[in-house]
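In what follows, a structure is listed as structure tokens, so that the remarks can point back to it.
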Amino acid sequence: MEFSLEQVRELVTILNKTDITELTLESGDVRLSIRKSENRYAAPATMPTAAVVSAMSSTAIENNATSTVAHTTTIADSLPTKKLIEITSPMVGTFYRSPGPDESPFIEIGDTVKKGHTVCIIEAMKLMNEIESEASGKIVEILVENTQPVEYGQVLMRIEAN
-18 MEFSLEQVRE LVTILNKTDI TELTLESGDV RLSIRKSENR YAAPATMPTA AVVSAMSSTA
42 IENNATSTVA HTTTIADSLP TKKLIEITSP MVGTFYRSPG PDESPFIEIG DTVKKGHTVC
102 IIEAMKLMNE IESEASGKIV EILVENTQPV EYGQVLMRIE AN
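Numbering (the working numbering), first residue to last: -18 to 143.
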């Protein structure tokens, strides 16, 4: 079963109008998970102290119910054919695509990465934390601009798993 754009729109509308915070539908090998963010601006209780932090990933597509319908369309269209893994920020900080101002970015859209490959840096409290990919695959989306502030749990990029 495939989910049509109209079905996804209706689900997002229902989710926004109710106290439901998460909805997951599965049909065969297709899984659609829509989740409201609880508090996107809350800081984590403790900050990681390690210089290298492994990015959290999700094998299911998780969609913030407050995102735009156009963004939802991209996710819904890619569900049946691609296994996307989201790399999220493990902390509040500033996102950097390259190791230095005059250096090449760690990755570009279309690049193939291996598990453990550094994909970006998050600066938090003057510490540079290298964020690594937890899966091998191809970079299909980079959702954050260089030097943009990021929140804990914010999706930074998506990888199409091999």
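Even for Gly, the Cβ is constructed at its ideal location relative to N, Cα and C.
Residues near residue i by beta carbon distance below 8 Å, same chain, minus five either side
i, result
"Thr128", "Thr75, Phe76 and Tyr77"
"Asp92", "Lys119 and Ile120"
Where residue i falls, given that 16 or more other Cβ within 10 Å makes a residue buried
i, result
"His52", "Interpretation of His52 is limited by its pLDDT of 44, a score under 50 that renders its predicted location unreliable; the figure taken from the coordinates is listed afterwards. Label assigned to His52: exposed."
"Gly134", "buried"
"Met72", "buried"
"Asn110", "buried"
"Leu(-14)", "exposed"
"Ile(-5)", "exposed"
"Gly118", "buried"
Paired residues, beta bridge with residue i - DSSP
i, result
"Met138", "Ile68 and Ile123"
"Pro130", "Thr75"
"Met109", "Glu104"
"Val94", "Gly118"
"Thr99", "Glu113"
Test item: CB-CB of residue i and residue j under 7 Å
i, j, result
"Leu113", "Thr99", "First, the residue type needs correcting, since residue 113 is Glu and not Leu in the sequence shown. Cβ distance < 7 Å, so Glu113 and Thr99 count as in contact."
"Glu104", "Val121", "no"
"Arg(-10)", "Glu3", "no"
"Leu124", "Ile68", "no"
beta-carbon residue i near the ligand MG non-hydrogen atom, thresh 6 Å
i, result
"Glu141", "Ligands are entirely absent from the displayed structure, and the ligand MG is therefore not among its contents."
Spatial neighbours of residue i in its chain, beta-carbon cut-off 6 Å, leaving aside the 5 residues before and after
i, result
"Arg139", "Leu65, Glu67, Val121 and Glu122"
Contacts around residue i, its chain only, beta-carbon distance under 7 Å, and the 5 residues preceding and following it disregarded
i, result
"Ser79", "Ser85, Pro86 and Phe87"
"Leu(-8)", "Leu4 and Ile15"
"Pro130", "Thr75"
"Cys101", "Phe76, Tyr77, Arg78, Phe87, Ile112 and Leu137"
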